[in-house]
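To start, the structure itself, in structure tokens.
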Amino acid sequence: MDLDSVVLDAYLRDNQEFSKIAMGRFRPETLTAFGQIAWQTIQEYEKQHSRLPPREFVTDETGFVFTPMEGEPIPTDVILEKLQKRHRFSILRDGLKEASLLLSRGEVDKAESQALGIARELDVDSQLMTKYSELPQAVDEARIIYENTKNGITGVPFPWPSMTAMTFGLWPGTLTFFVARPGTGKTWVAVLVCWSAWAQYGKKVLIVSPEMGLGELGERIVARHGNHSYKNLVSGRIGKFAEPRLYSTYEKLKEGKNFYIIDDEDHLTSDYIDDAVHRLKPDLVAIDSVYMLRVEQKRLSRGAGSRGDRFERMASTAAWMRSSARRTGVPWMGIHQLSRAGDIANNKKIMRQLKRGKFAGQLQNAVAYADELLWHCHNLFALVQDDDMKVDKKMLIVPLKVRRQANFTLVAIRWCMEKMEFEELGNRVVEKDDELAEPEMGDIVL
Amino acid sequence: MRIIGEKVVLTRDHYLHMQVPVRFWDSDMSKVPDSAKGVVERYIENLDTMLHRGIGLLLWGGNGRGKTSAAVCVAKEIRQTGATVLFATAEQLRQGKIDGEMFNADSTLWERATDVDCLVLDELGKEYRGKTDHTERLMDRLFRIRAGARLVTIVTTNVVLQELKKHYNPSMLMLFQEILHPVRVDGPDMRAEKRDEIKKLLEG
């Protein structure tokens with residue numbers, strides 16, 4: 005990669021965006037000599053003409069040749085990182101060479117002074133790379149958020165209105181996690197949120213599953229889209245009267261665009277997923293069975309049989325997801341298994357805590373200590389379903405951490421695979437010991 | 009979990025989970041004797057209030073008069089609101105506590121009986137008592153835990169109220185007055201009617 009060309013190209017493409025992101029972090033002296041001359045020419049032209057020069061002008065004036073760019077432009081943050089790395093390499097290479105020469109001449113004091121100089125230069129360089137914004141930028145952002153919220157513009161909505169009201173939707177650049185005990189229907193949550201974003205709100209979605217195959221995810225999407233009984237579908241017993249409708253769903257979905265799936269292929273790495281997000285530019289990324297992924301030294305491998313304990317694995321995976329969400333400016337959603345730790349070993353204990361009005365405390369602690377999820381994600385929800393709820397075909401979504409905390413409440417939803425019903429049932433919890441609280445329609449009594 | 013205004017359609021799984029004996033699955037208002045019908049109907053009309061305050065019923069009367077049918081009829085209505093229900097005889101619960109019998113993978117039968125929104129405690133007074141006051145203390149504890157948490161208990165017994173005083177301590181009976189509304193269930197012997205029906209079927 006011709007880094008100078010990439011930098012100048014990014015600046016010429018959108019100088020305001022470049023300056024905004026690179027504010028205080030870009031130094032022209034980190035470019036090569038040719039690059040520096042080209043940069044200076046661009047600046048002078050811009051000053052004189054109040055606009056950017058064409059690339060041909062820069063080439064004609066300075067002899068700097070732009071390398072043709074292929075594919076999507078590289079994000080400015082990435083360019084700056086690479087530029088800094090190259091610059092640090094140069095500082096070390098030239099500085100140590102000089103220090104080594106001085107040492108070979110027996111000039112120890114000078115060599116030491118040279119080495120200290122290198123350290124100082126590296127230190128200054130690191131400080132310059134610190135990304136910061138100024139108050140006016142924060143105020144601008146706050147105003148945009150307020151106006152968007154006032155005008156009803158939210159992040160990607162959930163299929164359940166109370167969840168959207170609680171979070172204002174899945175916001176760009178945020179990480180949301182759903183956790184549940186095994187067998188609760190975690191994959192279904194990923195499918196439902198993605199399907200709803202795609203089918204009901206016209207969003208572009210990417211669902212990644214290290215556990216499910218393409219066909220298994222396809223079955224769920226087909227069942228949800230056509231309201232076909234999932235149980236009958238997977239057992240091949242949809243019935244001869246309902247079958248034409250099923251085939252009609254297949255045909256309709258074959259025309260579907262902007263719903264992307266990465267399934268349990270062996271090449272599922274963090275770079276692979278990052279690249280896919282970069283290329284597809286989805287409005288929502290959902291990663292199912294996060295516990296099956298493993299990020300190690302920025303590389304991700306399959307979880308089964310991988311080294312390291314669950315704590316380490318989840319901490320690095322969640323950290324990667326958070327940074328990717330921020331970097332890509334897309335909402336990311338992860339589905340994870342609720343730890344067996346502490347007081348949340350079974351549904352009975354969870355429900356007991358919930359009934360005592362301690363729904364956040366115990367679960368939060370267990371999740372936080374077990375997996376560090378609370379440290380990394382913006383929103384965290386637990387899916388709770390005890391045996392009674394299973395028979396009633398209901399599920400409870402328990403908020404453990406909510407980024408904007410507009411209203412913090414449990415949300416009860418229908419969870420019926422036979423009729424494919426997943427609508428919200430209620431959201432206000434009435435405490436049993438509150439004599440004054442008159443239960444109203446839609447209230448939840450635990 | 010109850011959601012006000014939302015009605016659960018009961019299935020076979022519900023009855024199995026409530027542990028209601030199969031012969032009572034079809035219990036409804038038509039099986040409730042006239043003597044108890046009025047109270048049972050009004051109880052069902054005010055179900056949300058009863059559940060919120062933890063007020064149950066004490067159905068008492070002779071054998072085969074329809075006490076359990078009436079109790080199951082109410083329990084079914086309660087279950088349809090989404091509230092949880094367990095049906096157990098007093099003896100089953102006593103023995104279950106001693107044996108540590110499991111209700112499901114997470115709870116013992118005893119834990120379920122103390123946690124559940126509505127407990128139908130059938131045949132109180134018929135449980136084995138032995139020479140110690142263990143059973144009495146067990147039942148006392150059960151009622152106190154449930155009353156404390158405002159959970160509904162529906163008790164059936166063929167022991168007349170005066171007799172109950174002999175078996176249980178006065179403070180427990182005082183508690184009964186607070187959390188149970190007594191209903192005398194009287195009428196024709198339903199078991200005798202069924203016996204006659206079978207006899208007619210087989211002997212002509």
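Respectively, the protein sequence lines represent chains A and B. Going from the first sequence to our numbering is simple: count from 1 and add 4. Going from the second sequence to our numbering is simple: count from 1 and add 8. In this text, a Cβ means the ideal position worked out from N, Cα and C, and glycines have one as well.
Using a Cβ-Cβ cutoff of 7 Å, what residues of the region 412-424 of chain A are near chain B? List them in chain order. Ala416
Entirely within the region 52-92 of chain A and at least 4 residues each: give me those alpha helix (DSSP H) ranges in chain order. 59-66
Tell me where the alpha helix (DSSP H) around A:Pro165 begins and ends. Pro165 to Thr171
Beta-ladder partner(s) of B:His189, from DSSP: B:Leu65
Throw me the rounded Cβ distance for the A:Met325 and A:Asp267 pair, which I believe falls under 8 Å. The Cβ separation is near 18 Å, so there is no contact.
Counting only the same chain and skipping the five closest in sequence on each side, list residues whose C-beta sits under 7 Å from that of A:Leu7. Lys86, Leu87 and Arg90
For A:Lys398, go through chain B and note every residue whose CB falls closer than 7 Å to its CB, in chain order. Met9
Determine the contact status of A:Phe181 and A:Thr158, defining contact as a CB-CB distance below 9 Å. no
Could you name the residues of the region 11-37 of chain B whose beta carbon sits closer than 7 Å to any beta carbon of chain A, in the order they occur along the chain? Ile11, Ile12, Gly13, Glu14, Val16, Asp21, His22 and His25
Do B:Met198 and B:Gly62 have their beta-carbon atoms positioned less than 9 Å apart in this structure? no
Please confirm whether A:Val334 and A:Asp287 have their CB atoms less than 9 Å apart. yes
Do A:Leu56 and A:Leu100 come within 9 Å of each other at the CB atom, strictly closer than that value? no
What do you reckon, are the CB atoms on A:Ala115 and A:Leu106 nearer than 9 Å? yes
If I follow the unbroken beta strand (DSSP E) through A:Glu428, where does it start and stop? Glu428 to Gly430
For a cutoff of 9 Å on Cβ pairs, would you count A:Met445 as touching chain B? yes
Relative to the C-alpha of B:Ala78, which candidate in B:Glu201, B:Thr165, B:Gln185 and B:Ile206 has its C-alpha closest? B:Thr165
Can you tell me whether DSSP reads B:Tyr23 as helix, strand or coil? helix
For A:Gln341, list the residues DSSP reports as bridge partners. A:Ala184
When Cβ atoms are compared, which residues of the region 83-106 of chain B fall closer than 7 Å to chain A? Gly90 and Thr92
Taking Cβ to Cβ, would you say A:Thr332 is nearer than 9 Å to A:Asp292? no
On the DSSP bridge assignment, give the partners of B:Ile11 in chain order. A:Ile448
Just the C-alpha distance for A:Lys235 and A:Asp81, rounded to the nearest angstrom, thanks. 47 Å
In angstroms, rounded to a whole number, what distance separates the CA positions of A:Ile401 and B:Ala98? 36 Å
7 Å CB neighbourhood of B:Met58 in its chain, flanking five on each side removed: Tyr51 and Val160
Just verifying my parser: in three-state terms, what is the DSSP assignment at B:Cys81? helix
What separation, rounded to the nearest whole angstrom, lies between the Cα atoms of A:Ala119 and A:Ile211? 50 Å
Enumerate, from N- to C-terminal direction, the unbroken alpha helix (DSSP H) stretches of 4 or more residues contained entirely within the region 201-235 of chain A. 218-230
Output yes if chain A places a C-beta closer than 9 Å to the C-beta of B:Asp114; else output no. yes
Cutting at 7 Å between CB atoms, please list the residues of its own chain near A:Arg330, excluding the five before and the five after it. Gly177
Exposure label - A:Asp392; buried when at least 16 CB within 10 Å: buried
Pop quiz: B:Val16 and A:Asp144 are said to be a contact at Cβ under 8 Å. What is the actual Cβ separation, rounded to whole angstroms? B:Val16 to A:Asp144, Cβ: 51 Å. No contact.
Less than 9 Å between the C-beta atoms of B:Phe95 and B:Asp125, yes or no? no
B:Glu99 - DSSP class collapsed to helix/strand/coil: helix
Helix, strand or coil at A:Cys381 [DSSP, three-state]: coil
Under 9 Å, Cβ to Cβ, is there at least one residue of chain B near A:Met167? no
With 16 other Cβ atoms within 10 Å as the buried cut-off, status of A:Glu74: exposed
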